[in-house]
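> One structure, as structure tokens, below. Some questions next.
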Amino acid sequence: KRHILLSHFNENWGALSTPVPNRTVNWGKLEDHWKQEGCNKTDIMEYLNHERMLAVFTTQHQAFDHPKVHSIPLGIGNPPLILNEMPKIPVQEERSELLMVNAAASSDRQ
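Counting from 1 along the sequence shown, just add 595 to a position and that's the residue number in the numbering used here.
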């Protein structure tokens, strides 16, 4: 199905982030995180270029540029509210799911 990915919104790291010296926490190179999860930049680019992948919304710093990747400035206090106000992408097919959001587990949430 056609879809949009909303990444987690963290001041230090986004879905496509890599450290920015003297600006962000150094949590390692983006490619190393992908490798730990069993994929590489080729896999990510194939996903981004797939016709059913419409857009990715992430924080303002990212490791590479792609026309489907849109940065939301860190100063936005409520990204979901902003996204709700954005124009809808027209869909010409019936669908049973409007949005899927994934989040990685952490020690403070199950």
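Note that the Cβ used here is the ideal one computed from N, Cα and C, for glycine as well.
Residues in its own chain within less than 6 Å of His656 by CB, not counting five upstream and five downstream?
Excluding residues within five positions, the ones whose Cβ falls inside 6 Å are Ser612, Val615.
> Roughly how many angstroms lie between the CA atoms of Asp627 and Lys636, to the nearest whole one?
When rounded, the distance between both Cα atoms is 10 Å.
> Taking the Cβ atom as the reference point for each residue, do Leu649 and Arg597 lie within a distance shorter than 8 Å?
A contact, by the Cβ cut-off of 8 Å.
> In three-state DSSP terms, what is His628?
Reduced to three states, the DSSP call for His628 is helix.
> In angstroms with no decimal places, state the Cα-to-Cα distance between Arg618 and Trp608.
Going from the Cα of Arg618 to the Cα of Trp608 covers about 11 Å.
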